[in-house]
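Please read the structure below before turning to the comments.
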Amino acid sequence: EIIESKKRPHFESIYVKFPGKEMEDVSMRESFAMTISDGEKIDNLIRENNNRRYTDIHNHPSYLPFLGGIFWGPIPSSGDFVTFLDDDKIKTMVVAQNNSYSGKLEGYGVYRKTKKTPNKKPNIFQRFFYETATSIGLSKPALEYYENKFGIESRFVPSKHYKLNNIQTKFV
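Going from the sequence shown to the numbering used here is simple: count from 1 and add 76.
Right, here's the structure in full:
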């Protein structure tokens, strides 16, 4: 509901959710293809929630005509994945694909760290991801490779009347 009610559905936004709490917007600067989170607000929320791990939630508008007609889906960008792996306070990442015009949620990808996920190692993740990822999102083979390499579990959840496309990179 929060993602669907955004005033600018064609912009990315970032939220955090702690167990048993409502999702909170932590976007500091939103734009079409990325957003910057408010680190100070996140740190305060972590302290308020007794240093517990949280779920990082952000949206990908499904179509960005002003950026050359890019179609975007629930697969994280390389930057999304690096942030997820590098921050030990993030247990789960959710990438919600929303309609760029109506804001309607089309589906989402859920990525969860497991016991096999290594502790953070500075600069290692950037090297791996920026070598094989596209600037907009990881390719499906790259995503699967890194899920195996870093012990990440994922699942894709379509909204009613949507399904994953044939190459499993976008809800249609």
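For glycine and all other residues, C-beta sits at the position ideal for the given N, C-alpha and C.
Can you give me the start and stop residues for the beta strand (DSSP E) that residue i sits inside?
i	result
GLU182	181 to 189
THR159	Per DSSP, THR159 belongs to no beta strand (DSSP E); it is in the alpha helix (DSSP H), 154 to 162.
Counting C-beta neighbours from all protein chains within 10 Å, is the total for residue i 16 or more, i.e. buried, or is it exposed?
i	result
GLY115	exposed
SER211	Note that SER211 has pLDDT 44, beneath the 50 cutoff, so the model's placement of it is unreliable and the number below is only indicative. Result: exposed.
ASP132	buried
HIS86	buried
GLY185	buried
ASN224	exposed
LYS189	buried
ASN242	exposed
TYR222	buried
According to the Cβ coordinates, are residue i and residue j closer than 8 angstroms?
i	j	result
PHE247	GLY179	no
PRO234	GLY183	yes
VAL158	HIS134	no
From the DSSP output, read off the bridge partner residues of residue i.
i	result
LYS93	THR131
ARG231	VAL186
SER50	Because the chain spans 77 through 248 in this model, residue 50 falls outside it and cannot be assessed.
PHE247	LEU240
Can you name the start and end residues of the alpha helix (DSSP H) that residue i belongs to?
i	result
ASN174	Note, ASN174: premise wrong, no alpha helix (DSSP H); beta strand (DSSP E) at 166 to 174.
LEU219	216 to 226
_Segments assigned alpha helix (DSSP H), at least 4 residues, entirely inside the segment 112 to 146_ = Fully enclosed alpha helix (DSSP H) runs of 4 or longer: 115 to 124.
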